[in-house]
Amino acid sequence: MSKLTSLPDALKAIPDGAMLALGGNTLNRAPMTAVYELARQQKRGLRLVKTAGAMDVDLLCLAGCVHSVDAGFVSYESHFGLCPHYRKGVEQGRVQSNEHACYTVISALRASAYGLPFMPVAGLRESDLRKAHPYFATVRDPFGGEELTVVRALRPDWAIVHVQQADELGNARIDGPLYEDVLMTQAARRVLVTAEEIVPEGFFRRSEQKPQIPHFLVHSVVHQPRGASPSSCLNHYPVDEEEVASFLALPDAEALTAWLNDRGRTAR
Amino acid sequence: MSKLTSLPDALKAIPDGAMLALGGNTLNRAPMTAVYELARQQKRGLRLVKTAGAMDVDLLCLAGCVHSVDAGFVSYESHFGLCPHYRKGVEQGRVQSNEHACYTVISALRASAYGLPFMPVAGLRESDLRKAHPYFATVRDPFGGEELTVVRALRPDWAIVHVQQADELGNARIDGPLYEDVLMTQAARRVLVTAEEIVPEGFFRRSEQKPQIPHFLVHSVVHQPRGASPSSCLNHYPVDEEEVASFLALPDAEALTAWLNDRGRTAR
Amino acid sequence: MIRPSDMMAVVLARLIRDGETVFHGVSSHLPMVAMLLAKRLHAPHAVHLNIGGGVDPTMARQDGISSAGSNLWTDAQAAFSLADVFDLSMRGGLDVAFLSGVQFDSRGGVNASLIGDWQQPKVRLPGGAGSAVLIPTARRAILWRTKHDKRTLVRDLDFLTARGHVSDLVTPLCHFTMYQGEMLLNSIHPGADIETIANHTGFPIRYINLQRTPPPTQAEMAALQHIDPGDLRNIEFRSL
Amino acid sequence: MIRPSDMMAVVLARLIRDGETVFHGVSSHLPMVAMLLAKRLHAPHAVHLNIGGGVDPTMARQDGISSAGSNLWTDAQAAFSLADVFDLSMRGGLDVAFLSGVQFDSRGGVNASLIGDWQQPKVRLPGGAGSAVLIPTARRAILWRTKHDKRTLVRDLDFLTARGHVSDLVTPLCHFTMYQGEMLLNSIHPGADIETIANHTGFPIRYINLQRTPPPTQAEMAALQHIDPGDLRNIEFRSL
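Sequence order for the protein chains is A, B, C and D.
Our numbering puts the first sequence at residues 142 to 409.
Our numbering puts the second sequence at residues 142 to 409.
Our numbering puts the third sequence at residues 663 to 902.
Our numbering puts the fourth sequence at residues 663 to 902.
Structural data, given as structure tokens:
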């Protein structure tokens with residue numbers, strides 16, 4: 142029952158047009174090696190879901206893989222600034238920007254995890270987001286209260302998360318910040334885990350730190366050391382600023398192809 | 142900023158009529174010493190909230206403290222069977238039984254934690270619980286779907302949980318099963334933690350196992366070794382069957398008073 | 663002489679298929695043992711979910727009191743809380759839920775709430791725990807009860823705690839399965855007969871393909887002894 | 663010469679009161695440093711909440727890139743995830759949220775979404791992150807922006823990402839506070855003057871009680887050097 146596979150094989154199962162939830166946050170523990178491979182496989186029409194994306198979203202936009210982005214924030218944070226390829230994609234009408242408050246992404250994922258078509262959101266009130274986007278609506282509190290904004294469920298076809306440890310069955314353990322990763326594995330139909338380290342079966346039985354992601358939710362496991370790089374991975378590596386800068390210096394999609402091929406050769 | 146106090150002092154802050162969420166599950170990690178003290182202080186009109194209660198609910202019913210019980214299940218499980226005092230209280234009309242599916246307790250607590258007046262529940266369909274209880278209602282999916290059952294929020298005035306480790310500030314760490322304890326601390330207005338062990342300030346900063354309950358949600362901390370007994374506490378003690386049997390042998394509330402006083406003398 | 667607890671544990675175990683996600687709750691020692699048995703025999707990849715949140719415990723520790731205790735946690739291979747399990751079922755991901763009750767009707771209805779009138783109950787029961795949301799959402803809800811009499815298997819429930827995807831009902835005498843919304847007698851345990859069952863059942867006994875429940879095999883009994891040396895499977899019978 | 667980053671960090675820190683629960687998100691190095699500064703000086707019991715989920719980090723590690731990274735986790739004293747923080751704010755338990763944007767109006771409105779028409783934006787901005795739900799629910803939303811010009815402080819927003827409980831707006835030139843739904847000029851930082859501010863602000867400058875922002879004290883500067891030797895507070899200015 143080993144679910145270990147190669148990254149190219151695991152990602153072949155993801156069809157064009159799939160809705161993908163990507164783990165991590167901005168340049169932290171994003172599943173970057175999987176993102177590289179999605180671009181190499183030239184996926185088309187992906188619908189990305191994330192609270193706060195950065196190079197993952199930007200690279201897939203440059204590669205032409207992206208139909209839409211449901212997110213609260215897309216930027217490299219202050220140091221590297223805005224995501225140029227995401228911006229250009231939206232501004233030129235190639236990429237649909239479904240802006241959320243980060244919390245409404247969480248609420249929409251919770252709705253799916255809880256088997257619900259929508260989730261009420263207490264805080265969303267005076268905002269043009271409500272009028273601009275059809276995934277917001279209102280319901281009335283049947284206990285005599287006021288109208289509430291609700292957000293439509295987001296049910297990703299796949300969640301892709303990078304973790305520090307996993308076993309071959311798919312039990313996966315994240316050290317440090319979880320971000321929305323665990324929720325994503327519960328909201329998505331299928332889960333791909335890339336892991337810094339594959340531990341032997343039974344390892345977690347002897348540990349007091351139980352995996353937050355249980356094997357039966359996971360469809361494929363890929364052993365991928367440095368699988369979050371150039372984003373950071375706690376206990377393993379910080380952000381690789383040179384690599385991010387190298388990506389941001391790419392002029393176009395063609396250059397990206399060569400750049401990805403370079404990295405593919407060294408990685409495999 | 143130490144929140145350390147004695148159990149009697151901590152519980153004096155809880156008024157008659159308060160809604161109390163009790164941590165643990167059946168005879169596991171229930172905050173039993175706090176329950177004993179609630180009975181000693183002769184609280185009246187308490188509204189208890191729990192997914193699956195046992196001796197905690199039963200003892201408070203015998204002591205005449207209970208107005209209502211919102212729970213999915215109230216029983217000692219198979220070994221000791223039904224809760225006689227809870228049963229009698231409900232059957233004689235002194236205690237109001239607000240039966241939930243355990244999940245609708247969770248959903249009602251989630252509603253409070255999320256600042257919502259209600260929470261939709263996907264699974265509650267053909268059940269007399271819906272017609273019997275006014276805390277269930279329906280809303281229509283505004284995205285064109287069907288009617289959904291919703292449960293009204295439960296906002297406990299206090300959550301009382303017993304943990305293995307806490308510091309004086311209120312940071313509290315549970316080992317093993319969490320049950321609904323963490324959710325309860327987020328749904329309730331105030332939180333009382335009783336702890337097997339008080340660790341020094343800074344202890345958790347050096348630990349990779351961060352407390353699941355952060356200090357700022359906690360109002361009082363009580364150092365209470367064996368504070369869950371006679372229910373079990375992982376890494377500390379199993380169920381004390383003799384003590385449960387001793388309680389179940391009590392004929393009436395008067396006998397309970399003497400029995401609690403006995404235990405009070407040895408405990409303090 | 664086959665003990666009812668052994669027979670019931672074995673029948674419940676046989677209903678678990680390899681790879682299924684399976685949940686039991688409190689007061690559920692028979693399903694808990696059945697799950698361990700199934701995993702040891704024909705369903706090694708079934709997933710054992712429970713209230714404490716330990717996934718696939720081996721239960722090397724045999725605490726007797728609770729089927730929701732931390733002996734289901736310590737050697738688990740992952741964490742998945744009760745809330746997580748409910749959520750899983752709500753979104754259609756739970757294959758099997760084991761549930762019990764005090765009254766059962768011939769259409770898969772369960773009463774675990776009360777006897778008498780719901781506004782003034784004669785007997786307040788423990789409550790349905792997860793039943794009201796799990797029976798409608800799990801792929802299959804398997805019911806068991808250690809009593810089989812006319813107060814348990816009734817024509818009309820005093821209160822409908824839940825109805826939904828009930829697939830089986832296992833008692834000390836027999837095994838019912840649901841067919842087109844009706845509980846049909848499927849197999850009779852060794853030592854029981856159809857007259858006894860009919861005399862102890864409040865709804866009409868109907869069947870299409872009546873079988874004898876195969877008694878526990880030597881392999882099943884040996885495995886039971888190994889996984890349940892403390893005889894937790896018998897706890898509900900001891901407390902009757 | 664007082665650097666704007668030092669002045670802004672100090673002003674933001676002074677707005678934090680002891681014991682308050684305070685959240686900042688991504689791209690928020692100035693509030694992150696302000697929080698550490700406040701805790702070191704006048705607000706030791708303020709609670710530092712962030713995206714990584716580490717409560718009250720000391721940030722002994724100084725990674726430069728992210729204000730949502732695991733340097734906010736490793737020496738934290740408890741876990742409280744981003745979802746937990748949002749939930750806290752939704753139920754009225756968050757005192758302060760630090761948020762930014764690209765356009766601000768005189769009524770506390772924030773645009774972090776786009777420039778131009780929302781159906782065909784000229785510039786797609788990063789998005790408001792938590793703004794749309796935090797600004798209406800936190801007791802006080804404190805805004806900061808490292809630019810102060812007429813494209814930033816505008817009469818009319820291109821898009822209203824959020825409006826609600828904004829209490830303050832801090833820029834390199836000055837500090838506005840909200841009064842009865844209007845942004846009033848509260849204090850002018852050293853080196854700036856009211857004419858410059860008026861010339862760089864797209865909405866009318868109004869005030870009732872105009873002050874000079876006290877420059878950073880020696881104690882504040884010393885504490886800044888100590889908690890932020892890597893000069894993270896200046897990262898937004900470096901990348902301008």
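Cβ coordinates follow ideal geometry from the N, Cα and C atoms, glycine included.
Task: Sequence-distant residues of the same chain with beta carbon closer than 8 Å to G222(A), five excluded per side - done: Here residue 222(A) is taken as the residue at index 81 of the first sequence, counted from 1. Within the same chain, G222(A) has close Cβ partners S216.
Open item on the list: For a contact defined as C-beta to C-beta under 9 Å, what are the partners of A313(A) on chain B?
Closed with: By 1-based counting over the first sequence, the position of residue 313(A) is 172. Within chain B, not a single residue places a beta-carbon under 9 Å from that of A313(A); the smallest gap is close to 17 Å.
TODO: Within 10 angstroms of the Cβ of L333(B), are there 16 or more other Cβ atoms? Answer buried if so, exposed if not.
DONE: Position 192 of the second sequence holds residue 333(B). Buried is the call here.
Task: D830(C) burial status per 10 Å Cβ neighbour count (16 or more: buried) - done: As a position in the third sequence, residue 830(C) is number 168, starting the count at 1. Under this definition D830(C) is a buried residue.
Task: Unbroken beta strand (DSSP E) run spanning R271(B), endpoints - done: Walking along the second sequence from the start, residue 271(B) turns up at place 130. Not the beta strand (DSSP E): R271(B) falls in the alpha helix (DSSP H), residues 269 to 273.
Task: Three-pair Cβ contact test at 8 Å for the region 284 to 293 of chain A versus the region 310 to 325 of chain A - done: These segments do not touch.
Task: Separation of R895(D) from S667(D), as counted between CA atoms - done: Numbered from 1 along the fourth sequence, position 5 holds the residue referred to as residue 667(D). Numbered from 1 along the fourth sequence, position 233 holds the residue referred to as residue 895(D). Approximately 6 Å between the Cα atoms of the pair.
- [ ] Count the other C-beta atoms from every protein chain shown that fall within 10 angstroms of the C-beta of K701(D), then say buried if there are 16 or more, exposed otherwise.
- [x] Mapped onto the fourth sequence, residue 701(D) falls at position 39. Its Cβ being crowded by 16 or more others within 10 Å, K701(D) is buried.
Task: chain D contact for G256(B) (CB, 8 Å cutoff) - done: Position 115 of the second sequence, counting from 1, holds the residue named residue 256(B). G256(B) has a beta carbon lying within less than 8 Å of a beta carbon in chain D.
Open item on the list: So if I threshold CB-CB distances at 7 Å, which residues from the region 275 to 287 of chain B count as touching chain A?
Closed with: Listed in sequence order: A278, T279, V280, D282, P283, F284, G286.
- [ ] Output, in chain order, the set of chain C residues within a Cβ distance shorter than 8 Å of M325(A).
- [x] Counted from its first residue, the first sequence places residue 325(A) at position 184. By Cβ distance, chain C contributes nothing, its closest Cβ being about 13 Å from M325(A), past 8 Å.
Open item on the list: Could you pull the DSSP bridge partners for N773(C) from this structure?
Closed with: Taking the third sequence and counting its residues from 1, one reaches residue 773(C) at position 111. According to DSSP, N773(C) bridges with Q765(C).
Open item on the list: What does the alpha-carbon distance come out to for the pair K809(D) and V302(A)?
Closed with: To locate residue 809(D), count along the fourth sequence from 1; it is residue 147. To locate residue 302(A), count along the first sequence from 1; it is residue 161. For K809(D) and V302(A), the gap between their C-alpha atoms comes out near 36 Å.
- [ ] Determine which residues share a DSSP beta bridge with C374(B) and list them.
- [x] As a position in the second sequence, residue 374(B) is number 233, starting the count at 1. DSSP lists Y378(B) as partners of C374(B).
Open item on the list: Quick check on the burial criterion: 16 or more other C-beta atoms within 10 angstroms. Buried or exposed for D680(C)?
Closed with: To locate residue 680(C), count along the third sequence from 1; it is residue 18. By the Cβ neighbour-count rule, D680(C) is exposed, with fewer than 16 other Cβ atoms within 10 Å of its own.
Task: Per-residue DSSP class, three states only, for T174(A) - done: Indexing the first sequence from 1 puts residue 174(A) at position 33. DSSP, reduced to helix, strand and coil, places T174(A) within a helical segment of the structure shown.
- [ ] Go ahead and pull the three-state DSSP assignment for D749(D).
- [x] Taking the fourth sequence and counting its residues from 1, one reaches residue 749(D) at position 87. Of the three classes helix, strand and coil, the one that applies to D749(D) here is helix, per DSSP.
- [ ] Report yes if the CB atom of T683(C) is closer than 8 Å to the CB atom of D749(C), and no otherwise.
- [x] By 1-based counting over the third sequence, the position of residue 683(C) is 21. By 1-based counting over the third sequence, the position of residue 749(C) is 87. Cβ distance not < 8 Å, so T683(C) and D749(C) don't count as in contact.
Open item on the list: My output table needs one value for N896(D): the three-state DSSP class, helix, strand or coil.
Closed with: As a position in the fourth sequence, residue 896(D) is number 234, starting the count at 1. If DSSP states are grouped into helix, strand and coil, N896(D) belongs with the helices.
Open item on the list: Could you give the first and the last residue of the continuous beta strand (DSSP E) run that contains H208(A)?
Closed with: By 1-based counting over the first sequence, the position of residue 208(A) is 67. Counting along the chain, the unbroken beta strand (DSSP E) around H208(A) starts and ends at 207 to 212.
Open item on the list: Do L179(B) and C206(B) count as a contact pair if the criterion is CB distance below 8 Å?
Closed with: Here residue 206(B) corresponds to residue number 65 of the second sequence, with the count starting at 1. Here residue 179(B) corresponds to residue number 38 of the second sequence, with the count starting at 1. Taking 8 Å as the Cβ cut-off, C206(B) and L179(B) qualify as a contacting pair.
Open item on the list: Can you find the residues in the same chain that come closer than 8 Å, C-beta to C-beta, to V246(A), ignoring five residues on each side of it along the sequence?
Closed with: As a working mapping, residue 246(A) is identified with position 105 in the first sequence. Exclusion of the five residues before and after V246(A) leaves V190, K191, T192, D211, A212, G213, L295, E321 as the residues of its chain whose Cβ lies within less than 8 Å of its Cβ.
Task: Chain-order list of residues whose beta-carbon lies under 7 Å from that of A249(A) (same chain, five-residue window excluded) - done: Mapped onto the first sequence, residue 249(A) falls at position 108. Within the same chain, A249(A) has close Cβ partners M260, V292, R293, A294, L295.
TODO: Starting from the beta carbon of A263(B), find every residue of chain A whose beta carbon is closer than 7 Å, and list them in chain order.
DONE: Translated into positions along the second sequence, residue 263(B) becomes position 122. The answer, in chain order, is Y255, G256, L257.
Task: Under 7 Å by beta carbon: chain B residues contacting W806(C) - done: On the third sequence, residue 806(C) is found 144 positions in, with the first residue counted as 1. In chain order: nothing, as chain B lies at least about 12 Å away.
TODO: Tell me where the beta strand (DSSP E) around V198(A) begins and ends.
DONE: For this step, residue 198(A) is matched to residue 57 along the first sequence. Run containing V198(A): none in the beta strand (DSSP E); it sits in the alpha helix (DSSP H), 196 to 203.
Open item on the list: Counting C-beta neighbours from all protein chains within 10 Å, is the total for A195(A) 16 or more, i.e. buried, or is it exposed?
Closed with: For this step, residue 195(A) is matched to residue 54 along the first sequence. When all chains shown are included, A195(A) counts as buried.
Task: Best match in M694(D), T823(D), G853(D) for proximity to H274(A) [C-alpha to C-alpha] - done: In the first sequence, counting from the first residue as 1, residue 274(A) sits at position 133. Checking every option, the nearest Cα to that of H274(A) belongs to T823(D).
TODO: Determine the contact status of S728(C) and T326(B), defining contact as a CB-CB distance below 8 Å.
DONE: As a working mapping, residue 728(C) is identified with position 66 in the third sequence. As a working mapping, residue 326(B) is identified with position 185 in the second sequence. Taking 8 Å as the cut-off, the beta carbon of S728(C) is found no closer than this to the beta carbon of T326(B).
TODO: Could you tell me the distance, in whole angstroms, from the CA atom of Y378(B) to the CA atom of H220(B)?
DONE: Walking along the second sequence from the start, residue 378(B) turns up at place 237. Walking along the second sequence from the start, residue 220(B) turns up at place 79. Cα-Cα distance, rounded: 18 Å.
Open item on the list: Residues of chain D with CB closer than 7 Å to the CB of Y244(A), please, in chain order.
Closed with: To locate residue 244(A), count along the first sequence from 1; it is residue 103. Those are F748, G792, V795, listed as they occur along chain D.
Task: Contact list for E338(B) against chain C, beta-carbon separation under 7 Å - done: By one-based count along the second sequence, residue 338(B) stands at place 197. In chain order: nothing, as chain C lies at least about 17 Å away.
Open item on the list: So, for G264(B): in the same chain, excluding its five sequence neighbours on each side, which residues have a beta-carbon less than 8 Å away from its beta-carbon?
Closed with: On the second sequence, position 123 is the one that residue 264(B) refers to. Counting only Cβ-Cβ distances below 8 Å, and skipping sequence neighbours, we find A242, Y244.
Open item on the list: Can you confirm whether the region 866 to 880 of chain D touches the region 837 to 856 of chain D when touching is taken to mean that 3 or more C-beta pairs between the two stretches lie within less than 8 Å?
Closed with: At 8 Å Cβ cutoff, the stretches touch.
- [ ] Would you mind telling me which residues of chain A sit closer than 9 Å to M840(C), beta carbon to beta carbon, in chain order?
- [x] To locate residue 840(C), count along the third sequence from 1; it is residue 178. Within chain A, no C-beta atom comes less than 9 Å from the C-beta of M840(C); the nearest is roughly 23 Å away.
Open item on the list: Check whether chain B comes within 8 Å of A730(C), counting only Cβ atoms and requiring the distance to be less than that.
Closed with: Translated into positions along the third sequence, residue 730(C) becomes position 68. At a cut-off of 8 Å between beta carbons, A730(C) contacts chain B.
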